[in-house]
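Note sheet for the following structure.
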Amino acid sequence: MASETLIEVNDLNFSYPTRAILNGINMSMRRGQVIAVMGGSGSGKTTLLRLISGAIQPTSGYVKFAGEVVHELDRDALFKLRRKMGMLFQFGALFTDLSVFDNVAFQMREHTNLPESMIRDLVLMKLHAVGLRGGHQLMPNELSGGMARRVALARSIALDPMLIMYDEPFTGLDPISLSVIGNLIRRLTDSLGMTSIVVTHDVHESLKIVDYVYFIADGVIAAEGTPQEVRESIAPFVHQFIHGEEDGPVPFHYPAQAYRKDLNLEDIVA
Amino acid sequence: MLKQIISGIQNIGHRAIESVWRLGVASRFFILVLLKSGTSLRRFNLVIRELYFTGVLSLIIIVVSGLFVGMVLGLQGYETLQKYGSESAVGTLVALSLVRELGPVVAALLFASRAGSAITAEIGLMKATEQLAAMGMMAVDPIARVVAPRFWAGVISMPFLAAMFSVMGVFGGYLVTVLFIGVDEGSYWSQMQSAVDFRFDILNGFIKSCFFGVAVTAIAVFEGYDAPPTAEGVSGATTRTVVTSSLVILGLDFILTAFMFRGVS
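For the protein sequence lines, the chains are S and A, in the order given.
Numbering (my numbering) for the first sequence: 998 to 1267.
Numbering (my numbering) for the second sequence: 1341 to 1605.
Right under this line is the structure:
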């Protein structure tokens, strides 16, 4: 069961009219895995999540989720498929007019006919899993950034999805919240038998918890491997990224004409 | 020189195309809201919740403004009518101005700035904080769940608020002319009763306020849903809601009046 492929990304291309974002991406993700997708800002990581969830259509190629090609589904089928997916947005995206409890109960109330007493039990169980059972009556504006993300995590596992996508889950968290979220991702993935895709550029936290890493740069997969392989990689891009070096395959300077020319030093003989 | 003229003309054309295009997007959105109203009607408590925010919370400004507008109408009407010795007709003047015009129009203008702007800001902020996207990811359609209940709540509240405005105005006129100035109470009410026609005046005023309710809330939800997801974008959308709905209310009022009261009395 653990080796069953949940998501297959095949030669995926996506471009806006003026520029290409993704160029021939191939990936395969199995159940029970935590997968990190890393890359610099603007490298197309979030676009990849949007393609997997069917929010946008690929220019060519396909994403197959649980045996179904996502972009070929009509709206109803897509919404049905999305009940098997959860997504954690960068800052949680909790519904600010609903309490923590109602946020977690939202999907159960929208998609099921469960009696209120059962919803209550389920919500408290989900909140217990993220350690916030005691805060179920709080409003989102009373939560810290880390707590809001834990509530959002409880909300995204409300209907026991097969996949959760995390869009930069570590951004702006203190070290304690950071490792709490990291460990929760690993633990929930294992205990619920789902798949997690973590889009991040937090190298150290994510290498601790993930099974496999993809690096995206300039719209292609620049490198991939297990955390061990990645750490030992001598590929210049991976090395620069892991160690946060200023200059390398990803240049420090934005493309420009020659420095001397910009300063009008051309005609002066050195 | 020629280049500047050409680029100026291009600019005008570009803007014209852009606004027509936006009007098309807005119309499509409006139809989409209507088509996806099933959820709001099946789960009417969603609408009731919004009725509280758009309707009940707008009551104070409507009641107070209605009262003062009626009081001013009473004062001004009395001053003028008294010159012709017909101050007893002041009740008719107050009631007809309110029921036909001021009630629906001023209530709608107040509604646009009180509730319309709030709807735009709320939906715009939900978009900016990815709440609408999160809802879509949970396989819940934000247009059906967030937009349609707010739209229907606004459409339902508007006629009631306009009626409330007119009632308070008539009462304000009564306070000033009968209680303070001393116009005969019997003639204030009886002249009003005989001059105000249910079909022509009250029903037409009601129809106007229904049109205004649809226009204001449709603009408010569209601007919110269409707002660029930034602080600047939301504030711009809120301003546009108030400005556009005010202009639309006044324009619509002229058109409706022309149809309704042509050749009456």
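Positions of the beta carbon are idealized from the N, C-alpha and C atoms, including for glycine.
Classify S:D1215 as helix, strand or coil using the three-state DSSP reduction.
Residue state, collapsed to three classes: coil.
Can you tell me whether DSSP reads S:T1015 as helix, strand or coil?
Coil at S:T1015, not helix or strand.
In chain S, what lies closer than 8 Å to A:Q1471 by C-beta?
Ordered by position in chain S, the residues that pass the 8 Å Cβ test against A:Q1471 are A1090, L1091, F1092 and T1093.
What does S:M1159 pair with, by DSSP beta-bridge criteria?
Looking at the DSSP assignment, S:M1159 forms no beta bridge with any residue, so it has no partner.
Whole angstroms is fine: what's the gap from S:I1239's alpha carbon to S:R1228's?
Straight-line Cα distance between these residues: approximately 7 Å.
Would S:A999 count as contacting chain A if we go by Cβ distances under 7 Å?
The predicted position of S:A999 is uncertain, since its pLDDT is 45 and thus under 50; a value taken from the coordinates is nonetheless stated next. Not an interface residue.
Which of the three DSSP states is assigned to S:S1176 in this structure?
Three-state DSSP puts S:S1176 in a helix.
Take A:T1578 and list the residues in its own chain whose beta-carbon comes closer than 6 Å to its own, dropping the five residues that flank it on each side.
Only S1457, T1460 and A1461 meet the Cβ criterion.
So, does the CB of A:A1474 fall closer than 7 Å to a CB anywhere in chain S?
So yes, A:A1474 belongs to the interface.
Have a look at the DSSP bridge pairing and note the partners of S:M1115.
Note: S:M1115 sits in no beta bridge, so no partner.
Mind pulling the chain S residues with CB within less than 7 Å of A:V1480?
Within 7 Å Cβ-Cβ: E1107.
Measure how close the beta-carbons of A:R1490 and A:E1390 come, nearest whole angstrom, since I'm counting them as under 8 Å.
At roughly 5 Å, the Cβ-Cβ gap stays under 8 Å, so A:R1490 and A:E1390 are in contact.
Looking at the structure shown, is S:Y1251 part of a helix, part of a strand, or coil, going by DSSP?
Here S:Y1251 sits in coil by DSSP.
Using CA atoms only, rank isn't needed, just tell me which of A:V1486, A:L1501 and A:A1571 is closest to A:L1399.
Taking only the C-alpha atoms, the option nearest A:L1399 is A:L1501.
Does DSSP put S:A1220 in a helix, in a strand, or in coil?
It is a strand residue.
Specify the secondary structure class of A:R1602 as computed by DSSP and reduced to three states.
Reduced to three states, the DSSP call for A:R1602 is coil.
Taking only beta-carbon atoms, is A:M1477 less than 7 Å away from chain S?
Yes, its Cβ sits closer than 7 Å to a Cβ of chain S.
Is S:F1062 helix, strand or coil when you go by DSSP?
Three-state DSSP puts S:F1062 in a strand.
Enumerate in chain order the residues of its own chain whose CB-to-CB distance from A:A1435 is below 7 Å, with the five nearest sequence positions on each side excluded.
Cβ within range, chain order: V1510, M1532 and V1536.
Anything in the segment 1244-1267 of chain S with a Cβ closer than 8 Å to a Cβ of chain A? List those residues in chain order, please.
Of all residues in the segment 1244-1267 of chain S, none has a Cβ within less than 8 Å of some Cβ in chain A.
Does any residue of chain A bring its CB to less than 7 Å from the CB of S:R1079?
Yes, S:R1079 lies at the interface with chain A (some Cβ there is under 7 Å from its Cβ).
Does any C-beta atom of chain A lie closer than 7 Å to the C-beta of S:F1011?
For S:F1011, the answer is no, since every Cβ of chain A falls outside 7 Å of its Cβ.
Give, in chain order, every unbroken run of the alpha helix (DSSP H) that is at least 4 residues long and sits entirely within the segment 1423-1453 of chain A.
Here the runs fully enclosed are 1430-1436 and 1443-1451.
Classify A:T1517 as helix, strand or coil using the three-state DSSP reduction.
A:T1517: helix per DSSP, three-state reduction.
Can you tell me which of the three DSSP states S:N1007 falls into?
Note: S:N1007 maps to strand in three-state DSSP.
Are at least three pairs of beta-carbons, each pair with one atom in the segment 1075-1086 of chain S and one in the segment 1041-1051 of chain S, less than 8 Å apart?
Yes, the segment 1075-1086 of chain S touches the segment 1041-1051 of chain S.
Note down the Cα distance separating S:E1065 from S:F1167, rounded to an integer number of angstroms.
If I take the Cα positions, the gap works out to 30 Å.
Assign A:E1419 to one of two classes, buried (16 or more other C-beta atoms within 10 Å of its C-beta) or exposed (fewer than that).
The residue is exposed, with fewer than 16 neighbouring Cβ atoms inside 10 Å.
Can you tell which of A:L1596, A:S1586 and A:F1601 has the C-alpha that lies nearest to the C-alpha of A:V1446?
Minimum Cα distance to A:V1446 is reached at A:S1586.
Of all the alpha helix (DSSP H) runs that stay within the bounds of the segment 1462-1490 of chain A, which reach a length of 4 or more residues?
Complete alpha helix (DSSP H) runs here, min 4: 1471-1477.
Along the chain, where does the alpha helix (DSSP H) that runs through A:T1379 open and close?
Element bounds for A:T1379: G1378 to R1382.
Are the segment 1164-1183 of chain S and the segment 1001-1013 of chain S touching by the rule of at least three beta carbon pairs closer than 8 Å?
Cβ pair count under 8 Å is below three, so no.
Name the residue from A:D1481, A:Q1350 and A:V1430 whose alpha carbon lies nearest to the alpha carbon of A:S1534.
Among A:D1481, A:Q1350 and A:V1430, the Cα nearest to that of A:S1534 belongs to A:V1430.
Output the distance between the C-alpha atoms of S:S1025 and S:T1223, rounded to the nearest integer angstrom.
Distance between the alpha carbons of S:S1025 and S:T1223: 13 Å.
Near S:D1259, what residues of its chain come up, given a Cβ to Cβ distance below 7 Å and the 5 sequence neighbours on each side ignored?
If we look at S:D1259 and ignore the five residues flanking it on each side, its Cβ neighbours are A1253.
Residues of the segment 1029-1061 of chain S in Cβ contact with chain A at a cutoff of 8 Å, in chain order, please.
Answer in chain order: S1050 and A1052.
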